[in-house]
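Colleague: Numbering (our numbering), first residue to last: 189 to 803.
#1: In angstroms, rounded to a whole number, what distance separates the CA positions of residue 731 and residue 725?
#2: When DSSP labels each residue in this structure, what does residue 318 get in the three-state scheme?
#3: What does the Cβ neighbour count give for residue 559, buried or exposed, with the cut at 16 atoms within 10 Å?
#4: Is the CB-CB distance between residue 548 and residue 586 below 9 Å?
#5: When burial is assigned at 16 or more other CB atoms within 10 Å of the CB, is residue 753 buried or exposed?
#6: For the beta strand (DSSP E) containing residue 751, name the first residue and the last one.
#7: Would you decide whether residue 292 is buried or exposed? Buried here means 16 or more other CB atoms lie within 10 Å of its CB.
#8: Going by DSSP, what residue range makes up the beta strand (DSSP E) through residue 228?
#9: Ordered along the chain, which non-local residues of its own chain (more than five positions away) have a Cβ less than 7 Å from that of residue 533?
#10: By how many angstroms is the C-alpha of residue 564 removed from the C-alpha of residue 692?
#11: Run through the stretch 732 to 796 for me and flag every whole beta strand (DSSP E) of 3 or more residues, listed as ranges in chain order.
#12: Quick one: give me the first and last residue of the alpha helix (DSSP H) that residue 257 is part of.
#13: Residue 743 to residue 625, Cα distance in whole Å?
#14: Where do the N-terminal and C-terminal ends of the alpha helix (DSSP H) with residue 698 fall, by residue?
#15: If we count the other Cβ atoms within 10 Å of its Cβ and call it buried at 16 or more, is residue 278 buried or exposed?
#16: Identify whether residue 704 lies in helix, strand or coil by the three-state DSSP scheme.
#17: What is the rounded straight-line gap between the Cα of residue 746 and the Cα of residue 776?
#18: Would you mind giving the Cβ-Cβ distance between residue 695 and residue 680, rounded to the nearest angstrom? I have them listed as a contact below 8 Å.
#19: So, with DSSP's three-state summary, where would you put residue 396?
#20: CB residue 360 to CB residue 401, shorter than 9 Å?
#21: Specify the secondary structure class of residue 435 as computed by DSSP and reduced to three states.
#22: Relative to the C-alpha of residue 578, which candidate in 623, 492, 609 and 614 has its C-alpha closest?
#23: Considering residue 514, what are the terminal residues of the alpha helix (DSSP H) in which it resides?
#24: Could you have a look at residue 297 and say whether DSSP puts it in helix, strand or coil?
#25: Give the straight-line distance between the Cα atoms of residue 220 and residue 591, rounded to the nearest whole angstrom.
#26: What does the alpha-carbon distance come out to for the pair residue 328 and residue 474?
#27: Alpha carbon to alpha carbon, what distance is there between residue 662 and residue 643?
#28: Could you pull the start and end residues of the beta strand (DSSP E) that residue 460 belongs to?
#29: Entirely within the stretch 635 to 691 and at least 3 residues each: give me those beta strand (DSSP E) ranges in chain order.
#30: With 16 other CB atoms within 10 Å as the buried threshold, where does residue 654 fall?
#31: Would you tell me roughly how many angstroms separate the C-alpha atoms of residue 259 and residue 237, rounded to the nearest one?
#32: Identify the continuous alpha helix (DSSP H) that holds residue 384 and give its terminal residues.
#33: Can you check which of these residues, 686, 771 and 388, is closest to residue 345 by C-alpha distance?
#34: Can you tell me whether residue 429 is helix, strand or coil according to DSSP?
#35: Given residue 713, which residues of its chain have a CB within under 7 Å of its CB, disregarding the five upstream and five downstream residues?
#36: Determine which residues share a DSSP beta bridge with residue 337 and list them.
And the structure:
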């Protein structure tokens with residue numbers, strides 16, 4: 189079905205038992221987000237809040253809450269989109285399946301945006317920012333945010349829709365020092381397309397015109413978050429995925445998505461910033477208050493009976509996990525075509541996506557090497573770290589499997605495979621003083637940190653322990669030692685204080701395990717994780733992944749037993765040590781408010797709209 193509006197999509201979901209209406213008054217301050225979180229975690233339906241306190245507009249969430257629902261929404265176009273991407277990656281496949289290729293080519297006609305001067309649903313009424321459902325998700329958030337925005341900008345040097353950028357960058361609507369109804373905050377990361385547009389506008393000393401579209405056909409939302417190759421238009425992709433051309437018009441010099449539910453237009457002036465944040469983000473922590481571009485509001489529009497879509501961002505998995513699953517299904521092996529030799533890639537959601545990539549590549553240089561060791565894998569790793577959003581990765585594990593039995597989707601088996609084979613004296617490669625994800629606070633400052641590639645290949649060199657080796661009982665300074673996953677020990681040694689402390693702790697571990705009579709059996713333990721709560725880290729795989737890879741800056745927080753530097757290469761003879769404790773400069777984790785949980789309980793009890801949803 190080609191939806192012409194968000195409401196058409198929601199009605200379709202309701203007819204098929206995949207949406208529930210909440211008619212009671214719900215507070216947009218924390219309560220709506222808390223309800224969403226519970227329903228999402230229960231893999232429940234999409235939600236339509238019909239009575240939002242303080243606003244005349246309805247709001248919807250959990251629209252993409254499961255991959256099954258996302259497939260249902262795009263059921264008529266998904267195969268065609270996948271076929272078009274396949275044709276781009278392998279043009280000769282068109283000769284093998286000409287009929288399929290013809291249908292894909294016909295569908296591609298939907299990719300051409302349609303200028304729409306007559307019918308303009310989005311311009312039905314002019315409103316104010318304060319009229320919107322001002323949803324605050326977490327207690328420490330700086331205000332209300334748009335969490336599913338489609339932020340549109342054009343290059344001042346090449347104006348027009350063909351060279352435009354549509355991205356999903358968060359928008360702060362109120363709070364902090366923003367002037368009510370006239371100023372909002374625009375947060376985007378360094379590598380995004382809008383950053384190039386603003387740089388070009390700044391050079392000419394002119395403001396950048398920005399339009400924020402909210403709602404509209406669901407394909408528009410997905411297109412804003414798609415990691416499309418450079419030169420491929422998000423608006424074109426939205427047309428193909430939605431089976432309906434992207435419709436637009438211009439008003440006062442601003443582009444308007446005429447099918448959107450809401451449109452906010454405004455200008456970003458050179459060097460005009462204000463503090464934005466905090467905001468509970470997808471790594472599971474608050475991104476703190478920092479100066480980001482200020483957007484001066486020009487006008488705000490709403491269509492008749494507009495619906496405000498939103499999601500809640502926090503420690504994964506969340507609804508954006510389903511986004512990631514959908515993107516993976518749509519793009520298939522596109523990234524493998526972009527990076528020669530790469531077979532599989534998993535941006536690990538449980539670790540916040542960007543902090544941890546695990547990959548499987550080819551190792552075809554082996555015949556020219558004296559022993560089995562990573563060679564081509566390092567070439568692939570360098571290519572990956574220079575490709576699009578992969579450049580935000582902090583940890584990249586990469587290996588090769590000659591038997592083709594390993595899958596990057598099975599994270600537990602992947603780590604078993606790598607830790608059985610890794611040579612810590614050879615396979616650790618650092619990138620220091622570089623850029624990392626803006627939302628990652630483990631680094632030295634905003635956007636600044638380090639990366640590490642761990643490339644493991646060859647024969648098995650150790651059998652991974654599943655029980656704590658006896659030697660760990662002699663560590664008096666350790667409050668608790670637990671096996672997190674096979675071959676990995678989580679050690680609780682007290683809260684982090686300073687660098688001198690970690691140096692002392694590493695010296696203690698070295699003294700315990702360097703002498704011949706107490707050395708750690710290298711066939712048992714590959715990795716030691718210093719943490720604040722060993723029980724939590726060892727409770728499940730997701731806890732291990734989240735703590736270990738979100739709370740570590742590789743260049744500062746990786747150590748090792750019998751570490752050495754040889755010709756500027758760092759390595760260690762014994763197990764690797766990762767200090768994954770919370771540091772003073774880290775952002776606080778996002779925590780659910782128990783009082784809010786009590787307030788929303790009525791919606792889940794007998795008589796409430798969500799009764800028995802959680803069963």
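Even glycine gets a Cβ: it sits at the ideal position worked out from N, Cα and C.
Modeller: According to the structure data:
#1: 5 Å
#2: helix
#3: Exposed.
#4: yes
#5: exposed
#6: 751 to 754
#7: Note that residue 292 has pLDDT 47, beneath the 50 cutoff, so the model's placement of it is unreliable and no number is given.
#8: Run containing residue 228: none in the beta strand (DSSP E); it sits in the alpha helix (DSSP H), 219 to 229.
#9: Its chain contains 523, 545, 547 and 596 as the residues whose beta carbon lies nearer than 7 Å to that of residue 533, once the 5 sequence neighbours on both sides are disregarded; these appear in chain order.
#10: Taking the straight line from one Cα to the other gives about 38 Å.
#11: 746 to 748, 751 to 754, 757 to 760 and 764 to 767
#12: 255 to 261
#13: 16 Å
#14: 687 to 701
#15: With a pLDDT of only 47 at residue 278, under 50, the local geometry of the prediction cannot be trusted, and the value read off the model is given with reservation. It counts as exposed.
#16: Annotation note: pLDDT 45 at residue 704 (below 50); position unreliable, coordinate value reported separately. Here residue 704 sits in coil by DSSP.
#17: C-alpha separation (whole angstroms): 22 Å.
#18: At roughly 18 Å, the Cβ-Cβ gap does not stay under 8 Å, so residue 695 and residue 680 are not in contact.
#19: strand
#20: Contact: no.
#21: strand
#22: Of the listed residues, the one whose Cα sits closest to residue 578 is 623.
#23: 507 to 519
#24: helix
#25: The straight-line gap from Cα to Cα measures roughly 49 Å.
#26: 8 Å
#27: Cα to Cα, the separation comes out at about 32 Å.
#28: From DSSP, the beta strand (DSSP E) with residue 460 extends over 450 to 464.
#29: As far as the stretch 635 to 691 is concerned, its whole beta strand (DSSP E) runs of at least 3 residues are 636 to 644, 668 to 673 and 676 to 680.
#30: Exposed: under 16 other Cβ atoms inside 10 Å.
#31: In a straight line, the C-alpha of residue 259 is about 23 Å away from that of residue 237.
#32: First-last of the alpha helix (DSSP H) with residue 384: 381 to 391.
#33: 388
#34: helix
#35: 653, 657, 675, 677 and 763
#36: Bridge partners of residue 337: 402.
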